[in-house]
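2 protein chains.
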Amino acid sequence: MKTIRETADLFDVSTRTIRYYEEIGLLSPARSEGNQRLYPASELVKLKLIVRGKKYGFSLEEIKEMVLLFDKDRTGRKQLERTIQYGRRRIEEVELKIQELEEMKREMEQLLVVFNSKLEKSKGDEGNE
Amino acid sequence: MKTIRETADLFDVSTRTIRYYEEIGLLSPARSEGNQRLYPASELVKLKLIVRGKKYGFSLEEIKEMVLLFDKDRTGRKQLERTIQYGRRRIEEVELKIQELEEMKREMEQLLVVFNSKLEKSKGDEGNE
DNA sequence: AGTAGCATTTACGTTAACGTAAAGGTCAAG
DNA sequence: CTTGACCTTTACGTTAACGTAAATGCTACT
């Protein structure tokens, strides 16, 4: 059970950020005798997912959907099946993002090729700059 | 030479968005006789880069750096070399993003495996729900 | 039991990336 | 040459995701 400060340092975020995530229903830490927040391992796992999700273009609202899916104890079979289905869709979205980033990378590499050939050409005429 | 509306429709963004990109120095369209914006192919290419960049987690400030690199006519050799170097770094960043997204995907798949096994278990005791 | 360094809630402030409205100019069709 | 659909600039409004400050409570150590 880590304090809010320890948790913040662990993920390199501010305590305000952590409290904000609680405000919008993403985290629900335990409390100490004196009402101070205490983060068990399960909350740390959630925070890790949040931080990573943020880093790669998901909004907190989107992340919320994802995290809440893997959060509640899904007892009913139907619920479980739905969760799995929804999870698969999310994974497909991530795959799409990866593919488009790869296309972006290829385009940028193409541009570099163009610039490189310009550079080669300019090797003939030394003397300017 | 497309008008601002045609351009907006082409990329599915608002005209305000396009004007905003001009405000912050990302686009510089031509002008008609009567002072209306006209977008040649080169500006459309830039806008495409911007839209794609946005979609995958880059801020407009970051995109600005990238776009401006491939924008001005880089005449000097030193400038050209620097541009290429900087471009390579950007590509590495994109590669990193891809890798971390792939890790994210793997983790999500792991979670699905866990849920699937839960589902299998619950297949034994039919009768609830 | 005093105090330094944490924590709490409440609430206003900030920035990026636009949205939206006002007041008016431009352009193509008829 | 007059509409109607587009365009212009100016400027204030909005939302997400926190930052920051104030007033106060808790905790660990000496």
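Residue numbers (the working numbering), protein chains in the order written: chain H, 1 to 129; chain F, 1001 to 1129. Ideal placement from N, C-alpha and C gives every residue a C-beta, glycine not left out. It should be emphasised that the depicted structure is a prediction, and the values quoted were computed from it without experimental measurement.
| Item | Value |
| --- | --- |
| Select from H:Leu27, H:Lys48 and H:Glu22 the residue whose C-alpha is nearest the C-alpha of H:Leu10. | H:Lys48 |
| Less than 7 Å between C-beta atoms, sequence neighbours within five positions excluded: which residues of the same chain meet that for F:Ser1032? | Leu1038 |
| Within its chain, find whatever has a CB closer than 7 Å to the CB of F:Ala1008; leave out the 5 residues flanking it on each side and keep chain order. | Ser1014, Thr1015 and Ile1018 |
| I'd like the ranges of any alpha helix (DSSP H) spanning at least 4 consecutive residues and lying wholly in the stretch 1007–1064 of chain F. | 1015–1023 and 1041–1055 |
| Anything in chain F within Cβ reach of H:Leu44, meaning under 9 Å, just list it in chain order. | Neighbours of H:Leu44 on chain F: none; closest Cβ ~14 Å, over 9 Å. |
| Measure how close the beta-carbons of H:Leu119 and F:Gly1087 come, nearest whole angstrom, since I'm counting them as under 8 Å. | No, H:Leu119 and F:Gly1087 are not in contact; Cβ-Cβ is about 12 Å, not under 8 Å. |
| List, in order along the chain, the chain H residues whose C-beta lies closer than 8 Å to that of F:Ser1122? | Arg77 and Leu80 |
| Between the Cα of H:Lys123 and the Cα atoms of F:Lys1078, F:Ser1117 and F:Glu1102, which residue gives the shortest distance? | F:Lys1078 |
| For F:Glu1095 and H:Lys105, which I take to be in contact (beta-carbon distance under 8 Å), what is that distance rounded to the nearest angstrom? | 7 Å |
| Give the straight-line distance between the Cα atoms of F:Gly1025 and H:Glu22, rounded to the nearest whole angstrom. | 38 Å |
| Considering only the alpha carbon of each residue, which of F:Lys1097, F:Ile1091, F:Arg1089 and F:Ile1084 lies closest to H:Ser117? | F:Ile1084 |
| Compare the C-alpha of H:Tyr20 against each of H:Ile4, H:Ile91 and H:Gly57 and name the closest. | H:Ile4 |
| Give the secondary structure of H:Glu123 by DSSP, where H, G and I count as helix, E and B as strand, and everything else as coil. | Position check: residue 123 of chain H holds Lys in this sequence, whereas Glu was assumed. Reduced to three states, the DSSP call for H:Lys123 is coil. |
| Taking 7 Å as the CB-CB limit, is H:Arg52 close to chain F? | yes |
| Considering only their Cβ atoms, is the gap separating H:Ile63 from F:Leu1101 smaller than 7 Å? | no |
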